[in-house]
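Q: Below you will find the structure I want to go over with you.
Protein chains: 2
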Amino acid sequence: MSFHKFADNAELIAFARQHSPVFAPAAVLTVEEISDGNINYVYRIKSDQASVIVKQALPFIRIIGEGWPLSQDRIRIEAQSLQRAAELCPAQVPQLYYYDAARCALVMEDMGDHQNLREALLAERVVPQLAAHLAHFMARTLFYSSDFYLDSHQKKALVKDFINPDLCKSTEEVFFVDPYCDHERNNIHPALQTAAAEMWQHAALKCEVAQLKMQFLCQAQALLHGDLHTGSIFVTEQSSQVIDPEFGFVGPIGFDPGVLIANYLLSYCALGQMAGVSAHYRQGLRQTIADLWNGFTAQFDQLMASDTRDASFKQASYRQYYLQQLLADTLGFAGTEVIRRTIGIAQVAEWQAIDNDAAVGVAKGQALALGQQLILQRRTLGTIEAMLELLDN
Amino acid sequence: MSFHKFADNAELIAFARQHSPVFAPAAVLTVEEISDGNINYVYRIKSDQASVIVKQALPFIRIIGEGWPLSQDRIRIEAQSLQRAAELCPAQVPQLYYYDAARCALVMEDMGDHQNLREALLAERVVPQLAAHLAHFMARTLFYSSDFYLDSHQKKALVKDFINPDLCKSTEEVFFVDPYCDHERNNIHPALQTAAAEMWQHAALKCEVAQLKMQFLCQAQALLHGDLHTGSIFVTEQSSQVIDPEFGFVGPIGFDPGVLIANYLLSYCALGQMAGVSAHYRQGLRQTIADLWNGFTAQFDQLMASDTRDASFKQASYRQYYLQQLLADTLGFAGTEVIRRTIGIAQVAEWQAIDNDAAVGVAKGQALALGQQLILQRRTLGTIEAMLELLDN
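Structure (structure tokens):
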């Protein structure tokens, strides 16, 4: 396997200095490796005044090595997706300074003053602008890459540019396969063994999951982020930024809001079993979910009415139909994300933050039941508020 | 505009002789131009013993010229689609002898002993094997290019190979735009002016048509023929062959059976207004529609059960759900084809075969009403037999 990997700190520093505008010519730079996902190498290059992030994708998964190959095309997709988002909602993505196709590396703005949203929620931090920022991000990135806005030549070119088979395949496996059978990759809490085994026999549920999987495989509605969980979002009180769009492809629009809402629901379930967490904070999470959905769909609807080029898609009756379908899709994908983060291979930090194992079992049991309700009731709930009624208080 | 066009008969003869196996070395060959579609050049090259067809795509529409450009990539798509079909159902497509990418031309088997199916139906010819052959063709070409059979890497590669924006755009316009507004390209019989104007105001219908258009734009289920009307099919008593897959792309499966059934319905409407046509022959057309649909779905279901690689798509409940959706899609697309062939730019030969204008108005009026019923009732009819109940006898 032949590929380039930054050989040492000197090479990383030279790369960052050459391809970003933030460093004074004489600044002394240092390197810190901060890879915290599983897949790529991530470095912070900094002076005493400024810093940037360098990200490099090697042709395999970082934490596993050459035994798990993964297309380096993912970093091109990430770079192009960041550039598209920067044109549509510059405040919601880090600035991309440079993308180097030969090195499969990029240099981007450091958000060192931002906190990972998953950690922020675990710390009961209030993030007042988050729902508005993310509703804006989703409405604009999804609308402007859909058939509502693009003509069919542009849309088909977009589909082609963002064909992303390796990363889609990974999502297909972990979302739609593993959790619905007794798969060796699963990680099932002892308290959930019975419930999981029952789920594997639930024909109606599995039929719905097959429908969602088929949508994921072939419904090319818009360019998705593709992995919009709370770990892909960094926040301050005034700012929310979305990173890591390497799973991007043209897929079903409901997938992005579904994954995001699911991760709020996972936090909600986990915080309910953590000592000392206020009911008020959890109530705030419910409100954020409602604000996210209602803000997103209000803006999407407004864009459908104002910026859609095809008159047939502008009709009020069609917009209403479309948004109702989108809620059903979103709740369905949310259900699959909740379930796979509860019993699948890649779980969430929330579970480890609960300090006793019985409580983990309770929280995970609630999540597993909730995920199934979301999938089974996705077409009948009708509103995000009705969905929130499924939650305990 | 720079392109290659066969300069003369000598060049055509040399091309056909070199790239097909049918001619004796000393055979004297002659050329006949038989272009009968609007788009390409088609020639028959023959000796006294054998013949082949040469088809060439220039970078514009043949009958219009350089003022209507059209990607020559369509002939690559046609050649690749014919090759795929030849592997899956060799009896249902002409043999492709050679595809020349530089010349945008292909040499294929001549079906000189076959009759165009549209003409056969107008001549009240009985084609006993047609339903079985076409059910087989649709079931196999559609199933084996879908996510039921292909793994997601193969499927995404197929989507990319068959991105066909120029020809899709043309379908989008003539199917989903023109007939639903007072478009200058329409050709509306005087007796249908009121009904057409009423349709343009029918909000529920236009919402359904928008849904079908969106499916056409973004539901990448399988590699379609893309233009499977009765003029694309050639028949004898024992053989049925499908030509002209240049509109092929990965789209909604219901489009192919929808277009085919629609063209049977158009023949049915037209023959009802032609003197001397037997009720028995029209009854046979109804039976053929039922046999086409039931044969197609029985084989598709059997393939889903036997050859699907993804267990989740094999479940009986999912297969049943999928086929019910497929009927709704098929009837919807059939409705749009019936309508656009009745009031749009590209109508069918059946209308000219009716010898008095009042009768043309009656037949077209029935077709326009039927098309709307198909679209509006596509989800509730439930069976092909219920759809056939919409027809007069």
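These protein sequence lines are chains A and B, in that order.
Per our numbering, residue 1 is the first one in the first sequence, and the count goes up by one each step.
Per our numbering, residue 394 is the first one in the second sequence, and the count goes up by one each step.
A virtual CB, placed ideally from N, CA and C, is assigned to each residue, including glycine.
Please read all numbers here as calculations on a predicted model, not as lab measurements.
To the nearest angstrom, how far is it from the Cα of I64/A to the Cα of I343/A?
A: Whole-angstrom Cα-Cα distance: 21 Å.
Q: When you compare the CB of K757/B with every CB in chain A, is at least one pair closer than 8 Å?
A: Taking Cβ atoms only, chain A never reaches closer than 8 Å to K757/B, which makes this a no.
Q: Please state the DSSP three-state secondary structure of Q766/B.
A: Helix at Q766/B.
Q: What's the gap between the Cα of E173/A and the Cα of Q612/B?
A: If I take the Cα positions, the gap works out to 21 Å.
Q: Can you check which of these residues, L391/A, I243/A, L323/A, L390/A, is closest to H114/A by C-alpha distance?
A: Of L391/A, I243/A, L323/A, L390/A, the residue nearest in Cα terms is I243/A.
Q: Along chain A, in chain order, which residues have C-beta atoms closer than 8 Å to that of M697/B?
A: Going along chain A, no residue has its Cβ under 8 Å from M697/B, so there is no contact; the nearest lies around 11 Å.
Q: Less than 7 Å separating the Cβ of A157/A from some heavy atom of the ligand MG?
A: Ligands displayed in this structure: none; no statement on the ligand MG is therefore possible.
Q: At 7 Å on the CB atoms, spell out the chain B contacts of S152/A, in chain order.
A: By Cβ distance, chain B contributes P558, C561, K562, E565, L610.
Q: When you compare the CB of Q324/A with every CB in chain B, is at least one pair closer than 8 Å?
A: Q324/A does not count as touching chain B.
Q: Could you tell me whether the Cβ of A603/B comes closer than 8 Å to any Cβ of chain E?
A: Judged by its chain identifiers, the structure shown contains no chain E, and its protein chains are A and B.
Q: For Y711/B, would you say it is in contact with chain A, using Cβ-to-Cβ distances shorter than 8 Å as the test?
A: Yes, Y711/B lies at the interface with chain A (some Cβ there is under 8 Å from its Cβ).
Q: Mind pulling the chain A residues with CB within less than 7 Å of Q614/B?
A: Going along chain A in sequence order, the residues near Q614/B (Cβ under 7 Å) are C218.
Q: In chain order, what residues of the same chain have a beta carbon less than 6 Å from the beta carbon of L658/B, not counting five sequence neighbours either side?
A: Around L658/B: V731.
Q: Between which two residues does the alpha helix (DSSP H) holding T534/B run?
A: It spans 523-536 - the alpha helix (DSSP H) in which T534/B sits, taken as one unbroken run.
Q: Just confirm the distance between the C-beta atoms of C207/A and S710/B, as a whole number of angstroms; I'd bet it's less than 8 Å.
A: Confirmed, Cβ separation roughly 4 Å.
Q: Which residues in chain A have a C-beta closer than 9 Å to the C-beta of D722/B? List them in chain order.
A: What D722/B touches in chain A: nothing, since even the nearest Cβ is about 13 Å away.
Q: Report yes or no: is there a C-beta of chain A within less than 8 Å of the C-beta of Y537/B?
A: No, Y537/B lies away from the interface with chain A (no Cβ there is under 8 Å from its Cβ).
Q: What residue range is occupied by the uninterrupted beta strand (DSSP E) comprising T30/A?
A: T30/A -> beta strand (DSSP E) spans 30-33.
Q: Measuring alpha carbon to alpha carbon, tell me which of I626/B, S474/B, R734/B, Q449/B ends up nearest F642/B.
A: If we check each option's Cα against that of F642/B, S474/B comes out closest.
Q: Enumerate, from N- to C-terminal direction, the unbroken beta strand (DSSP E) stretches of 3 or more residues contained entirely within the region 639-676 of chain B.
A: Listed in chain order, there is nothing to give.
Q: Based on the DSSP output, what are the partners of V362/A in its beta bridges?
A: Its beta-bridge partners do not exist; DSSP assigns none.
Q: Provide the residue span of the beta strand (DSSP E) that contains L96/A, from first to last.
A: It spans 96-100 - the beta strand (DSSP E) in which L96/A sits, taken as one unbroken run.
Q: Apart from the five residues just before and just after D166/A, which ones in its own chain have a Cβ nearer than 6 Å to its Cβ?
A: Closer than 6 Å at the Cβ level, and outside the excluded window around D166/A, lie L70, S71.
Q: When you check each C-beta in the region 562-596 of chain B against every C-beta of chain A, which residues fall closer than 9 Å?
A: The region 562-596 of chain B vs chain A, Cβ under 9 Å: K562, E565, F569, V570, Y573, C574, A596.
Q: Measuring CA to CA, which of V602/B, Q586/B, V628/B is closest to L523/B?
A: Closest option to L523/B, Cα to Cα, is V628/B.
Q: Would you please verify whether the beta carbon of V552/B is less than 8 Å from any beta carbon of chain A?
A: So yes, V552/B belongs to the interface.
Q: How would you list, in chain order, the residues of chain B whose beta-carbon sits under 8 Å from the beta-carbon of D147/A?
A: Going along chain B in sequence order, the residues near D147/A (Cβ under 8 Å) are M607, L610, C611.
Q: Closer than 7 Å, Cβ to Cβ, to anything on chain A: give me those residues from the region 674-708 of chain B, in chain order.
A: Of all residues in the region 674-708 of chain B, S705, F706, Q708 have a Cβ within less than 7 Å of some Cβ in chain A.
Q: When DSSP labels each residue in this structure, what does Y41/A get in the three-state scheme?
A: Of the three classes helix, strand and coil, the one that applies to Y41/A here is strand, per DSSP.
Q: So, for V28/A: in the same chain, excluding its five sequence neighbours on each side, which residues have a beta-carbon less than 8 Å away from its beta-carbon?
A: Excluding positions up to five away in sequence, the list reads S47, D48.
Q: Please look up how many angstroms separate the CB atoms of F408/B and V447/B, rounded, as I've assumed it's under 8 Å.
A: That belief holds up - the Cβ atoms of F408/B and V447/B are roughly 6 Å apart, short of 8 Å.
Q: So the alpha helix (DSSP H) F706/B belongs to, where does it begin and stop?
A: Start and end: 704-707.
Q: When the Cα atoms are used, what is the spatial distance from I421/A to Q320/A?
A: This structure leaves residue 421/A out entirely; chain A is present only between 1 and 393.
Q: Indicate whether P94/A and E78/A have their beta-carbon atoms separated by less than 8 Å.
A: For P94/A and E78/A, no; Cβs fall outside 8 Å.
Q: Given that C600/B touches chain A, what residues does it touch there, using C-beta distances under 8 Å?
A: Ordered by position in chain A, the residues that pass the 8 Å Cβ test against C600/B are Q315, S317, Y318, Y321.
Q: Quick check on L475/B: does DSSP put it in helix, strand or coil?
A: Helix at L475/B.
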